[in-house]
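Peer 1:
Protein chains: 2
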Amino acid sequence: MNSFTVEEYHARITQTKLRMQEQGMDVLLITDPANMNYLSGYDGWSFYVDQMLMIFTDRVQPIWIGRKMDANAAKVTTWLNEENILYYPEDHIHSQEKHPMDFIARVLQDIGVASRRIGLEMASYYFSALAYEKLKVNLPNAKFINASLLVNKVRIIKSDQEIEYIRRAAIIAGIGMNTAIASIQEGVRECDVAANIFRDLVSGTESFGGDYPSIVPLLPAGKNTSTPHLTWTDRQYTNDEVVIIELAGCHRRYHAPMARTLSLGRPSEEVLETSKILVEGLNVAIEAVKPGATCEEVEMAWRSVISKYGIEKDSRMGYSVGIGYPPDWGEHTASIRSGDLTILQPNMTFHMIPGLWFDDFGVEISETIRVTESGCEVLTDFQRELIIKDQIEIAM
Amino acid sequence: MNSFTVEEYHARITQTKLRMQEQGMDVLLITDPANMNYLSGYDGWSFYVDQMLMIFTDRVQPIWIGRKMDANAAKVTTWLNEENILYYPEDHIHSQEKHPMDFIARVLQDIGVASRRIGLEMASYYFSALAYEKLKVNLPNAKFINASLLVNKVRIIKSDQEIEYIRRAAIIAGIGMNTAIASIQEGVRECDVAANIFRDLVSGTESFGGDYPSIVPLLPAGKNTSTPHLTWTDRQYTNDEVVIIELAGCHRRYHAPMARTLSLGRPSEEVLETSKILVEGLNVAIEAVKPGATCEEVEMAWRSVISKYGIEKDSRMGYSVGIGYPPDWGEHTASIRSGDLTILQPNMTFHMIPGLWFDDFGVEISETIRVTESGCEVLTDFQRELIIKDQIEIAM
Chain A
1 MNSFTVEEYH ARITQTKLRM QEQGMDVLLI TDPANMNYLS GYDGWSFYVD
51 QMLMIFTDRV QPIWIGRKMD ANAAKVTTWL NEENILYYPE DHIHSQEKHP
101 MDFIARVLQD IGVASRRIGL EMASYYFSAL AYEKLKVNLP NAKFINASLL
151 VNKVRIIKSD QEIEYIRRAA IIAGIGMNTA IASIQEGVRE CDVAANIFRD
201 LVSGTESFGG DYPSIVPLLP AGKNTSTPHL TWTDRQYTND EVVIIELAGC
251 HRRYHAPMAR TLSLGRPSEE VLETSKILVE GLNVAIEAVK PGATCEEVEM
301 AWRSVISKYG IEKDSRMGYS VGIGYPPDWG EHTASIRSGD LTILQPNMTF
351 HMIPGLWFDD FGVEISETIR VTESGCEVLT DFQRELIIKD QIEIAM
Chain B
1 MNSFTVEEYH ARITQTKLRM QEQGMDVLLI TDPANMNYLS GYDGWSFYVD
51 QMLMIFTDRV QPIWIGRKMD ANAAKVTTWL NEENILYYPE DHIHSQEKHP
101 MDFIARVLQD IGVASRRIGL EMASYYFSAL AYEKLKVNLP NAKFINASLL
151 VNKVRIIKSD QEIEYIRRAA IIAGIGMNTA IASIQEGVRE CDVAANIFRD
201 LVSGTESFGG DYPSIVPLLP AGKNTSTPHL TWTDRQYTND EVVIIELAGC
251 HRRYHAPMAR TLSLGRPSEE VLETSKILVE GLNVAIEAVK PGATCEEVEM
301 AWRSVISKYG IEKDSRMGYS VGIGYPPDWG EHTASIRSGD LTILQPNMTF
351 HMIPGLWFDD FGVEISETIR VTESGCEVLT DFQRELIIKD QIEIAM
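Residue numbers (UniProt numbering), protein chains in the order written: chain A, 1 to 396; chain B, 1 to 396.
1) So, helix, strand or coil for B/Trp79, using DSSP?
2) Taking the runs of the beta strand (DSSP E) that are 3 residues or longer, which of them lie wholly in the stretch 174-254 of chain A?
3) Examine chain B for any beta-carbon lying closer than 8 angstroms to the beta-carbon of A/Asp328, and answer yes or no.
4) Below 8 angstroms between beta carbons is the criterion; list the residues of the stretch 230-243 of chain B that meet it against any residue of chain A, in chain order.
5) Answer with buried or exposed for A/Lys110, where buried requires no fewer than 16 other C-beta atoms within 10 angstroms of its C-beta.
6) Using beta carbons (cut-off 8 angstroms, strictly below), is B/Glu280 in contact with chain A?
7) So B/Leu379 is in the alpha helix (DSSP H); what residue range does that whole segment cover?
8) What alpha helix (DSSP H) runs, 4 residues minimum, are completely inside the stretch 281-329 of chain A?
9) Output the boundary residues of the beta strand (DSSP E) element that contains B/Thr14.
10) At the level of alpha carbons, what is the spacing between A/Ala131 and A/Lys143?
11) What residue from A/Asp240, A/Ser366, A/Ala248 and A/Ile245 has the CA that sits closest to A/Glu280's CA?
12) Exposed or buried, what is A/Gly44 when buried is set at 16 or more other beta-carbons lying within 10 Å of its beta-carbon?
13) Using a Cβ-Cβ cut-off of 8 angstroms, state whether A/Ala182 counts as contacting chain B.
14) Around the C-beta of A/Asp70, are 16 or more other C-beta atoms found within 10 angstroms, so that it is buried, or is it exposed?
15) Excluding the five sequence neighbours on either side, which residues of its own chain have a C-beta within less than 7 angstroms of the C-beta of B/Lys313, listed in chain order?
16) Going by Cα to Cα distance, which pick from A/Lys223, A/Pro267, A/Arg337 and A/Thr294 is closest to A/Asp390?
17) Assign A/Asn35 to buried or exposed, taking buried as 16 or more other Cβ atoms, counted over all protein chains shown, within 10 Å of its Cβ.
18) By DSSP, does A/Ala123 sit in helix, in strand, or in coil?
19) Distance cutoff 8 angstroms, beta carbons only. Does A/Cys191 sit that close to anything in chain B?
20) Residues of chain A with CB closer than 7 angstroms to the CB of B/Asn72, please, in chain order.
21) Could you tell me which chain B residues have their CB closer than 8 angstroms to the CB of A/Arg199, listed as they occur along the chain?
22) Helix, strand or coil for B/Arg59, going by three-state DSSP, please let me know.
23) Quick check on this structure: which residue in B/Asn283, B/Thr294 and B/Ala301 has the alpha carbon closest to the alpha carbon of B/Gln383?
24) Please name the residue in A/Thr77, A/Thr372 and A/Ser159 whose C-alpha comes closest to that of B/Lys223.
25) How many whole angstroms separate the CB atoms of B/Val242 and B/Phe361, which I take to be in contact at a CB cut-off of 8 angstroms?
26) Between the Cα of A/Val193 and those of B/Ala288, B/Ile311 and B/Gly209, spot the shortest distance and give me the residue it belongs to.
27) Decide yes or no for the touch test of the stretch 163-172 of chain B against the stretch 151-163 of chain A: beta carbon pairs closer than 8 angstroms, at least 3 of them.
28) Which class does B/Thr368 belong to by DSSP, given the choice of helix, strand or coil?
29) Measure from the C-beta of A/Ala256 to each C-beta in chain B and report whether the shortest distance is under 8 angstroms.
30) Which chain A residues are close to B/His332, counting only those with a beta carbon under 9 angstroms from its beta carbon?
31) Please list, in chain order, the residues of the stretch 288-308 of chain A that have any C-beta partner in chain B closer than 9 angstroms.
32) Could you tell me the distance, in whole angstroms, from the CA atom of A/His251 to the CA atom of A/Asn37?
33) I want to verify the contact list: residues of chain B whose CB lies under 7 angstroms from the CB of residue 415 of chain A, in sequence order.
34) Give the interface partners of B/Ser275 over in chain A, defined as CB-CB distance under 7 angstroms, in chain order.
35) Counting beta carbon pairs with one atom in the stretch 174-181 of chain A and one in the stretch 194-205 of chain A, are three or more of them shorter than 8 angstroms?
36) Measuring only between beta-carbons, confirm whether A/Gly209 sits less than 8 angstroms from chain B.
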């Protein structure tokens, strides 16, 4: 059932321990579900309760700890021995008196690490401020160190098997985009288009199925294209409007996001022009991707194009992508933006998303790419331009 | 575009302010997206970055603050005046140096509340331990108070308009369940069943569309029914296995969850018996629901049935449900369990989910219910029993 060999998981743990030592940690408490998955294989929709993977520099296997009803999921999905799968009592769930961290602190005491240097993922979505306070109260002698992104930084270079999963995700993304473009037309409801996209993303291909993407398909239309994160409504598409489609294929939790912009009817001059500039900039940025270049250099290539046309963009134009759980498929490490000096290396993967949003419209056209030994491979495969569905032209 | 009248939003804010005063707060910083939606109408998939709704006891309107590209979404989806929609600079996103809370603290200073009593949703998924630390460092003179669940407790009694949305969600849940039961059969892949369910949940009905549920359809099968939160794989269903289907219809972010258990082929005696006990217990619990009863009493009604058969269950058998965003549709307030003395009142809504999980199998059959003026209304509508698809019998 595991997505990778036990050897690959061990290699990831070794890389994690090396970073723990560099940063002076004896213990690392992992609460980011993507990082838990990366190191243990754990996969279940249980991150809405407190759960954790504990890494100890002096133990071979991590310890998984979570809710009793999810411990069986840990047995099914991880490579860990059963004695390393623990659970806290059920009366700790959504309780005003007891907190899972009370129990977890006792486990750490029993193991004998209550006074050690403990890394915490301080910026993890599923490590609440309250959980942090509870740990501090229960472990007054521990030295806590912010370990945010420690594992994320190990994840940034993918193995060949990981790349294979992202390739499959990219194929699924293409299928979803095809369906989106085919479905969107005058009189069709946004929710029905989203439904078709979801079906295709989850079904996948005959050879491999789809997994749920960490973000739902985003479908802003008309004036709402000025803001990228609106989800669908019951509204029907009208002719003469622009629709942005941002979606991701997902396979075994690996993502390949892609965005396209569709014009229903003849696009306005500004949408047409913006799209051309955006594609020109994206192409130049893709050409700038090669091992040894920095993220900042790639962004400068993009910026050189848009500034030629008098456009400024303050948001980043890309970010590292891979394993994800809701609410995000980004890895939160390298960003393609000014000031990011991350050096590109082979098998890094990025979502290059040069969205341009103005007061009353926006355009997004994006690709998921891989840094190769010598340059850049675009993993997503779809016509890289403004898509125009002009029914009048078709009728003629 | 708003789901409710401005008067309804104002009434919710008033209820919130009353609780703030009771708990000695001048300011409340809301980071739970469901609570943000409840008070402002805000709806967008932007909770993966820091964002917030600020409530002040001495101001009429809240302030929304988030990312620049999402401020337009706030203009589209909330009832707030534009001057109350603020954004932080883009270089605060996923940065090692700058944190959105640095900016937010300055806004609070400018408003003149930096030394006031400030409520924080300490247990919110999207208020990280790091965000909390940053606020503390930037506002050394503030008095922080844990305001977890303050707004959730206002949400527990629904208005008639909210009940209407949950009714629609329940209709969508029934459509999804029908499709699930129809789709699951020998040789069909789990991912293709999930795809069909997703399409129906998102498409909704001709009269009203579906929204994305906060949790994806959960489909453990065979031995994996012993653990409830596994998601689908590419595996094909075999004959003679049990499948649990847990899903929710969603409309305008309001949820109606429902679970059923399906036997492909003739079920084992233990699955059949467990299902009967479960339905008997669920029916007795539903009969115990009425205004004035406590959550604990309802759980005792359920417990009295299963203990008759020698079964113990340590997890709760229900919880308050309503608005939700990933990763959860539960409201985290009242639970149908021993020790919960919440008094039931008309228009409270619960997901009654008496799952029974053993070492190598499990059964779930659940309903979403509403407390009425005199008793209980079951909102979901589907045959309340183990569903058996025995192809051999059909062939005879």
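Every residue, glycine too, gets a C-beta built ideally from N, C-alpha and C.
A quick note: this is a predicted structure, and the numbers were derived from the prediction, not measured.
Peer 2: Per the coordinate set shown:
1) coil
2) 241-251
3) yes
4) So the list reads Leu230, Thr231, Trp232, Thr233 and Asp234, given in the order they occur along the chain.
5) With the sequence shown as reference, residue 110 of chain A is identified as Asp, and Lys is not the correct amino acid for it. Looking at its Cβ environment, which holds fewer than 16 other Cβ atoms inside 10 Å, A/Asp110 is exposed.
6) No, B/Glu280 lies away from the interface with chain A (no Cβ there is under 8 angstroms from its Cβ).
7) Looking at the DSSP string, B/Leu379 is not in any alpha helix (DSSP H), and its letter there is neither H nor E.
8) 295-308
9) For B/Thr14, there is no enclosing beta strand (DSSP E); the enclosing alpha helix (DSSP H) has its first and last residue at Val6 to Glu22.
10) 16 angstroms
11) A/Ser366
12) buried
13) no
14) buried
15) Ile306 and Leu356
16) A/Pro267
17) buried
18) Three-state result, A/Ala123: coil.
19) yes
20) Ser226 and Thr227
21) Ala195, Asn196, Phe198 and Arg199
22) coil
23) A check of alpha carbon separations from B/Gln383 across B/Asn283, B/Thr294 and B/Ala301 identifies B/Asn283 as the nearest.
24) Each of A/Thr77, A/Thr372 and A/Ser159 was checked against the Cα of B/Lys223, and the nearest Cα belongs to A/Thr77.
25) 6 angstroms
26) Nearest of B/Ala288, B/Ile311 and B/Gly209 to A/Val193, Cα basis: B/Gly209.
27) no
28) Collapsing the DSSP output to three states places B/Thr368 in a strand.
29) no
30) His94
31) Within the stretch 288-308 of chain A, no residue qualifies.
32) 13 angstroms
33) This structure gives no information on residue 415 of chain A, because the portion of chain A shown stretches from 1 to 396.
34) Per Cβ cutoff of 7 angstroms: no residues; B/Ser275 is ~18 angstroms from chain A at best.
35) yes
36) The beta carbon of A/Gly209 falls within 8 angstroms of a beta carbon belonging to chain B, placing the residue at that interface.
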